[in-house]
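Accompanying notes for the structure given below.
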Amino acid sequence: MANARTFPIPAVTTGIAGAALVGMGAFALAATAESPQHTADIRLTTTESTLNYLLDGHSPAIGTAAYTLRPAIGDGGWLIGNGLSAATDCTGSACNGGNGGLLWGNGGNGANGGDGGHGGFLFGNGGDGGAGVAAVVDADGIVVSAATAGGRGGNGGWVIGNGGDGGVGAESWYDVTHEARFSRATNGGDGGRGGLLSGDGGNGGDGGLDVNSPTDALGGKGGNGGRGGWVFGDGGAGGTGGRAVAEDGNGTGGAGGDGGDTTFGEAGAGGKGGFGAANNPGVVATGGAGGSGGYAVVGDGGRGGDGGNSNNWDGVDGDGSASIGGAGGRGGNSAFGGTGGKGGRGGDTVTNNAPSIGGEGGGGGRGGALAGNGGQGGNGGDATSLAGGPASGGQGGTGGTGGAVGGDAGGNGTNGTANGGAG
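Each number in our numbering comes from the position in the sequence shown (counting from 1) with 829 added on.
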């Protein structure tokens, strides 16, 4: 033990700094061209480090804010630590969540439509995108700030990490005083992608609602699921389309988001279409279309999302009214050996006397090239007219083609039932 050597503390800190610099260089070289939707200019979070300015293409402001020192370790730490979540009363670019530390750490959550922060370079999950917000209007009816969609989920760490979920879209907003619609329903945010080596993609956010609209109503689209890790990881599911209920116009549900792709893993399912309703004669209610299933390189394609249901209670046959179920989403394809995804089911529809038309089933996905079977077609939606109006069930979806070597085609979906008058 007499020959044991001891090292002064400066040698340790120098080692940490050196490792950090090496990691920073690798991080910069590995960065993709993706850039966040918002740019950092106010809130001092981990999105404002010099490193991130180099990666996202934004120039740091000349002044003390861009060079404010942050701790190396801990919340908001540039080396190890979770990114800071945006404050609930944030505005603009301050609504983005901060990125995780250089080595590891989870991204912070966005707020008010801001994007989630990315996970750390080695390990870390992406933060969730913030929920969208409706427009803000002053007493004179002047729009002070526009409505925002749901924020995108942050990406998982470059090595391992799950992507964050997308934020929910904002609900539409009507001002009775000014008899005006100041903001429509907005879309849900996309899920973040998984890490380079491994990680699941984030789920897409649901589309915003458009309910009790005095004019045509349209639900927001669901966000797309994030891609799984480039090697391993499941794709995220697509978000559900927003509901749409019109008091004096057509009502159309929002489309579901598409499922995320995968290399080795389970491809994401498409999101369900939103519900649509119309409550006056001479108008049409339509369910939103289901999202497409994700693509799989090795594995099965994702399932297509179901079409949205619809209702039209006050229309009658011959006045231009109708209720139409949303179409099911197409199943995702497989590249090698896997089965194509099943098509989504068509939406169901109900009326009193107006024509009722079930949604079409989605087509099955293509099977993998090597002995992969095609996906099953989705079933058509059912149609009901309670007082005997015309009704026709939706057509079943076509099965997907089999692989080029030994794969069988998928079966077709069954047609929906019809309950009412002649279809």
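Even for Gly, the Cβ is constructed at its ideal location relative to N, Cα and C.
| message | So, at 6 Å on beta carbons, what are the nonlocal neighbours of T1227 in its own chain, with the 5 sequence-adjacent residues on each side left out? | response | G1192, G1206, N1241
| field | Residue span of the beta strand (DSSP E) that contains F950, given as start and end | value | Unbroken run through F950: none, as it is neither H nor E.
| message | Do G1105 and D1148 have their beta-carbon atoms positioned less than 8 Å apart in this structure? | response | no
| said: Given a cut-off of 8 Å on the beta-carbon distance, is the pair A1118 and A1156 in contact? | reply: yes
| field | Contacting residues, own chain, Cβ-Cβ under 6 Å from G1018 (five flanking each side not counted) | value | G958, G979, G980, R981, G995, G996, G1034, G1052
| task | Pull up the DSSP beta-bridge partners for V1126, would you. | result | Answer is none; V1126 lacks a bridge partner.
| request: Locate the beta strand (DSSP E) running through D1063, then write down its first and last residues. | output: From DSSP, D1063 is part of no beta strand (DSSP E); its letter is neither H nor E.
| Can you name, in chain order, every residue of its own chain whose Cβ lies under 8 Å from the Cβ of A1164, other than the five neighbours on each side? | Y1124, A1125, V1126, V1127, G1197, A1198
| query | Are the beta-carbon atoms belonging to S1012 and A968 less than 8 Å from one another? | reply | no
| Among G993, G1160, A999, G955, which residue has its Cα nearest to the Cα of A975? | A999
| request: Could you spell out the range, first to last residue, of the beta strand (DSSP E) harbouring W987? | output: Segment: none, W987 is in no beta strand (DSSP E) and carries neither H nor E.
| field | W1142: first and last residue of the uninterrupted beta strand (DSSP E) it sits in | value | That residue, W1142, is in no beta strand (DSSP E); it is neither H nor E in DSSP.
| Nearest-angstrom beta carbon gap, G955 and G1021 [assumed within contact, 8 Å] | 4 Å
| request: Within 10 angstroms of the Cβ of E1008, are there 16 or more other Cβ atoms? Answer buried if so, exposed if not. | output: exposed
| task | Can you give me the start and stop residues for the beta strand (DSSP E) that D778 sits inside? | result | Any property of residue 778 remains undetermined from this structure, which presents the chain solely from 830 to 1252.
| field | CA nearest to the CA of T917, picked from W907, G939, K1101, W933 | value | G939
| said: Is the separation between the beta-carbon of S1214 and that of T1168 shorter than 8 Å? | reply: no
| Nonlocal neighbours in the same chain, by C-beta distance under 6 Å from G1081, ignoring five residues either side | For the sequence presented, residue 1081 should be read as Thr rather than Gly. Excluding positions up to five away in sequence, the list reads L1047, A1073, G1105, T1115.
| Nearest-angstrom beta carbon gap, G1085 and G1134 [assumed within contact, 8 Å] | 4 Å
| query | Span of the beta strand (DSSP E) holding A1151? | reply | 1151 to 1153
| Can you tell which of G1210, G1236, G1229, D1237 has its C-alpha closest to the C-alpha of N1244? | G1210
| When the Cα atoms are used, what is the spatial distance from A1096 to K1171? | 12 Å
| request: Going by DSSP, name the residue or residues bridged to V1040. | output: V1074
| task | Please report the residue range of the beta strand (DSSP E) in which R1010 lies. | result | 1009 to 1012
| query | Rounded to a whole number of angstroms, what is the C-alpha to C-alpha distance between A1233 and D944? | reply | 42 Å
| query | For the candidate residues G1239, G1175, T1230, whose alpha-carbon lies nearest to that of T1246? | reply | G1175
| said: Between the alpha carbons of G1036 and N1016, how many angstroms are there, rounded? | reply: 5 Å
| Considering only the beta carbon of each residue, do G1071 and D1039 sit closer than 8 Å? | yes
| field | Buried versus exposed call for G1235 [16 or more other C-beta atoms within 10 Å across all chains shown] | value | exposed
| CB contact flag (G1190, N1162, <8 Å) | no
| task | Look at the Cβ atom of G948, then the Cβ atom of G936, and state whether they are nearer than 8 Å. | result | yes
| task | Drop a sphere of 10 angstroms on the beta-carbon of P1219, count the other beta-carbons inside from all chains shown, and report buried for 16 or more, exposed for fewer. | result | buried
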